[in-house]
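Residue 277 is where the sequence shown ends in my numbering, and the numbering goes up by one at each step.
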Amino acid sequence: TYFQPGTYWLEHYANNNCSADTDSVLITVFAFPDVGVNPQDTSVCIDALVSWADTTNPGNKTGYQWSMGNGDTLALISPTYAYDSAGTYEVILAVSSTITGCTARDTASITVTPDPPASFVPSLMSGCAPLSVAFANGSPPGLSFNWDFGDGNFSNVANPSHVYTQAGTYIVTLTSFDNLACDGDTSLTIVVHPQPTSAFSYVLDDSCGAPATASFSNLSSGTPIAYHWDFDTGNATDTSNLTTPSFTYN
28 TYFQPGTYWL EHYANNNCSA DTDSVLITVF AFPDVGVNPQ DTSVCIDALV
78 SWADTTNPGN KTGYQWSMGN GDTLALISPT YAYDSAGTYE VILAVSSTIT
128 GCTARDTASI TVTPDPPASF VPSLMSGCAP LSVAFANGSP PGLSFNWDFG
178 DGNFSNVANP SHVYTQAGTY IVTLTSFDNL ACDGDTSLTI VVHPQPTSAF
228 SYVLDDSCGA PATASFSNLS SGTPIAYHWD FDTGNATDTS NLTTPSFTYN
C-alpha cells in the first residue's frame, strides 16, 4: 500500500537456483484533488437559503457532487440550499480530478433550528366597538415578539392590550423570534360588531281620540339582536320586546 503520491519502481526478482531474473514496472500514485467544504452559516433557520462553496483552487476539477445529508444531491460547483426540517445534517462534497480521475471528499455539518413556538389567548373573541382586548402570550420565555392587530397597529410588548374602535373582522398575528432571528407565528380572528342604532316609524289608525292603535316599523341598524319598547303611558307593563309591535292607546 502506497500512502503518499509519487512515482515508484516495483522490482521483481526470481531465482530457481539455476538462474535468476528481474523485472520492473513504474507505478504512479496520483494525489487526490484538493477539496474543502465551507457553508455560509453552520446554524440556520428552517427554509433559510445557505450558500455552499469549495474553498480550494477550482482548477483541474470536475464532477462536483453535493450530498446534503437528507437524501438530496446537487451537481453544482457552489449551490444554495434550504432545509425544510430541523436537525443536524452532514454535508459531503465529492470532486474529481480532470487529470487523474481521482475523487476526493470533504464534509461539514450544519444545524437547522426549529421555528420558535408562538401561542396566545385573547380575553375576548368578539364584542361591540369600541372593543378592548387583552392578549395573554403563551409562548415560552427568552423570545422576542411582534404583534399585528390586523387594523394597522402593532406592538412588541409580550402581553399587550388593544382597543378596536371600528367594527370589522380582524386577523391578529403573533410572531415570535429567537436569538437566530428564526420566527414562528400563529393567528386568531377577532370580530368587532358595530354599536346598534335605534330608529323607528309608526302609523296611527285614528289620531282623533282614544282608543288609537299605533303600528311601529323597526328601522334600527347595527345588527341588533334584542329590542325593548316603552310606550310612555306611565304604566310599567306597557312595554314590548317584539321587533315590530303595535300598541293601543286608550
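Where is the CB? At the ideal position from N, CA and C, for every residue including glycine.
| said: Using C-beta distances below 7 angstroms, list every residue in its chain close to Ser-242, excluding the 5 sequence neighbours before and after it, in chain order. | reply: Tyr-229, Val-230 and Ser-273
| field | Proximal residues to Gly-96 (C-beta, below 6 angstroms), its chain only, five neighbours per side dropped | value | Tyr-116, Glu-117 and Val-118
| said: Run through the DSSP bridge pairs and tell me what Phe-274 is partnered with. | reply: Ala-241
| request: Output yes or no for whether 8 angstroms exceeds the beta carbon distance between Thr-107 and Ser-70. | output: no
| So Ala-161 packs on Ser-171, CB below 8 angstroms; how close in whole Å? | Between Ser-171 and Ala-161 the Cβ distance is about 20 angstroms, and since that is not below 8 angstroms, they are no contact.
| request: Quick one: using the 10 Å Cβ neighbour count with 16 as the cut-off for buried, is Cys-235 buried or exposed? | output: exposed
| request: Output the distance between the C-alpha atoms of Asp-81 and Ile-104, rounded to the nearest integer angstrom. | output: 7 angstroms
| query | Considering only C-alpha positions, which residue in the set Ser-182, Asp-178 and Phe-204 is nearest to Thr-192? | reply | Asp-178
| query | Using the C-alpha atoms, what's the distance from Gly-98 back to Ser-124? | reply | 25 angstroms
| Where Val-218 falls: helix, strand or coil (DSSP) | strand
| query | Near Ser-267, which residues of its chain fall below 6 angstroms by C-beta distance, leaving aside the five closest residues on each side in sequence? | reply | Trp-256
| Burial state of His-189, where buried means 16 or more other Cβ atoms lie within 10 Å | buried
| field | Separation of Gln-31 from Leu-53, as counted between CA atoms | value | 15 angstroms
| query | Roughly how many angstroms lie between the CA atoms of Pro-223 and Thr-275, to the nearest whole one? | reply | 27 angstroms
| Under a three-way DSSP split, which group does Ala-102 fall into? | coil
| task | State the Cα-Cα distance for the pair Asn-245 and Thr-264, rounded to the nearest angstrom. | result | 20 angstroms
| Would the stretch 198–213 and the stretch 144–158 be scored as touching if the rule is three or more Cβ pairs under 8 angstroms? | yes
| Do Thr-107 and the ligand FMN come close, with the Cβ less than 7 angstroms from some heavy atom? | The ligand FMN is absent from the structure shown, which contains no ligand whatsoever.
| query | Excluding the five sequence neighbours on either side, which residues of its own chain have a C-beta within less than 6 angstroms of the C-beta of Leu-101, listed in chain order? | reply | Trp-93
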